[in-house]
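Asker: Attaching a single structure in structure tokens format; questions to follow.
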Amino acid sequence: MSEDHKPTINHQEPSTKNWFTSWFDTPYYHILYKERNYREAQIFMDNLTQYLNLPDKAKVLDLACGKGRHAIYLSQLGYTVLGADLSENSIAEASKNSNTHLSFKVHDMREPFEEKFDAIFNLFTSFGYFEDEADNLKTLIAIKDSLSETGFAVIDFMNVNQVIETLVPEEVKTVDQIDFHIKRYVKEGHIYKEISFEDQGQHYHFTEKVRAFSLKDFQELMDEAGIYLLDIFGDYKLKKFHKTESERLIMIFK
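Residue 141 in the UniProt record's numbering sits at position 141 of the sequence shown, with consecutive numbering throughout.
Next up, the structure:
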């Protein structure tokens, strides 16, 4: 993928194979989601790092970091942080914030790192994208293999029970004078979000597809990967996880 990568444009039924390689690399992805709550994310990072009691100058990996907003904040908390993402455009943008304690690189989460980390964070449902089910297990094993002996990993995923129960089938969201027409549905164990819009006379159509992993699904994958699940939380204030009510499924493991 190059810096001048153009968005994939679909006029017919969109292909979902590796959809993230095109959608995440477009400016439209960041436009649609730019109103995400930064303060809430910072509170989550504060709570998480305090709970983990990470050592001073701990090495932290933000896996699937996007443009690096969480990696930047983690470095401000005093950690040495690497942000990694598959999107070259996102990493190019994030790298503008690099310093001696903060760096970024293009990386596929299915592959382990040579260096070891005291903590690995995979935040805001950045898991379960792959077409091949085996890649989800491969990612967990890569995370495990990239941890130091005393390191912890965190996956922050949606609570699929709550998401499916409250799914909004259709809506129009207007951001920066672009009308994003969004359709959501569940099909064959995945949650789909189809996004259609026009900009400068051009029609675009993208599809997000995420595996609807439940806690039980994760537990089975983690058992297979040889991972020990330490704790589970249901929101960014680290409240107890409730299967039907919690907004998030936050898993701490090693």
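Built from N, CA and C at the ideal position, the CB exists for glycine as well. Quick caveat: nothing in here was measured; it's all calculated off a predicted structure.
(1) Just tell me which of 186, 226, 223 and 72 has its CA closest to the CA of residue 212.
(2) Whole angstroms is fine: what's the gap from residue 12's alpha carbon to residue 182's?
(3) Closer than 8 angstroms is the cut-off here; do at least three beta carbon pairs connect the segment 74-81 with the segment 129-149?
(4) Considering only their Cβ atoms, is the gap separating residue 194 from residue 207 smaller than 9 angstroms?
(5) Look at the Cβ atom of residue 109, then the Cβ atom of residue 123, and state whether they are nearer than 9 angstroms.
(6) Can you tell which of 112, 179, 165 and 97 has its C-alpha closest to the C-alpha of residue 191?
(7) In the DSSP assignment, the alpha helix (DSSP H) including residue 92 goes from what residue to what residue?
(8) Name the DSSP beta bridge partners of residue 238, please?
(9) Taking its Cβ as the centre, do 16 or more other Cβ atoms sit within 10 Å of residue 67, making it buried, or is it exposed?
(10) Report, in whole angstroms, the separation of the C-beta atoms of residue 38 and residue 69, which I expect to be a contact under 8 angstroms.
(11) Work out the CA separation of residue 160 and residue 188 for me, nearest whole Å.
(12) Between 128, 221, 28 and 184, which has its C-alpha nearest residue 169's C-alpha?
(13) Evaluate residue 9 with the Cβ neighbour count: other Cβ atoms within 10 Å of its Cβ, from every protein chain shown; 16 or more gives buried, anything less gives exposed.
(14) Going by CA-CA distance only, name the one from 127, 91 and 81 that's closest to residue 100.
(15) Pull up the distance between the alpha-carbon of residue 222 and that of residue 252, whole angstroms please.
(16) Counting only the same chain and skipping the five closest in sequence on each side, list residues whose C-beta sits under 7 angstroms from that of residue 147.
(17) Please report the distance separating the alpha-carbon of residue 143 from that of residue 201.
(18) Where does residue 136 fall in DSSP's three states?
(19) Please say whether residue 231 and residue 246 have beta carbons closer to each other than 9 angstroms?
(20) To which residues of the same chain is residue 317 closer than 8 angstroms at the C-beta, ignoring the five residues directly before and after it?
(21) Taking the Cβ atom as the reference point for each residue, do residue 140 and residue 225 lie within a distance shorter than 9 angstroms?
(22) Taking only the alpha-carbon atoms, compute the straight-line gap between residue 215 and residue 249 and give it to the nearest angstrom.
(23) Please report how far the alpha carbon of residue 197 lies from the alpha carbon of residue 176, in whole angstroms.
(24) My guess is that residue 25 and residue 97 are in contact by the Cβ rule of under 8 angstroms, so how many angstroms apart are they, rounded?
(25) Tell me which residue opens and which closes the alpha helix (DSSP H) that residue 47 is part of.
Answerer: Straight from the coordinates:
(1) Answer by Cα proximity: 186.
(2) Below a pLDDT of 50, predicted positions are generally treated as unreliable, and residue 12, at 35, falls in that range; the measurement from the model is reported next regardless. Roughly 16 angstroms separates the two Cα atoms.
(3) no
(4) yes
(5) no
(6) 165
(7) 88-94
(8) None; residue 238 has no bridge partner.
(9) buried
(10) 6 angstroms
(11) 14 angstroms
(12) Of all alpha-carbon atoms in 128, 221, 28 and 184, the one lying nearest the alpha-carbon of residue 169 is that of 184.
(13) With a pLDDT of only 36 at residue 9, under 50, the local geometry of the prediction cannot be trusted, and the value read off the model is given with reservation. It counts as exposed.
(14) 81
(15) 11 angstroms
(16) 116, 117, 120, 153 and 254
(17) 43 angstroms
(18) helix
(19) no
(20) The question about residue 317 has no answer, for the chain in this structure spans 1 to 254.
(21) Result yes, Cβ atoms of residue 140 and residue 225 sit closer than 9 angstroms.
(22) 7 angstroms
(23) 12 angstroms
(24) About 19 angstroms; that fails the 8 angstroms criterion.
(25) Per DSSP, residue 47 belongs to the alpha helix (DSSP H) from 38-52.
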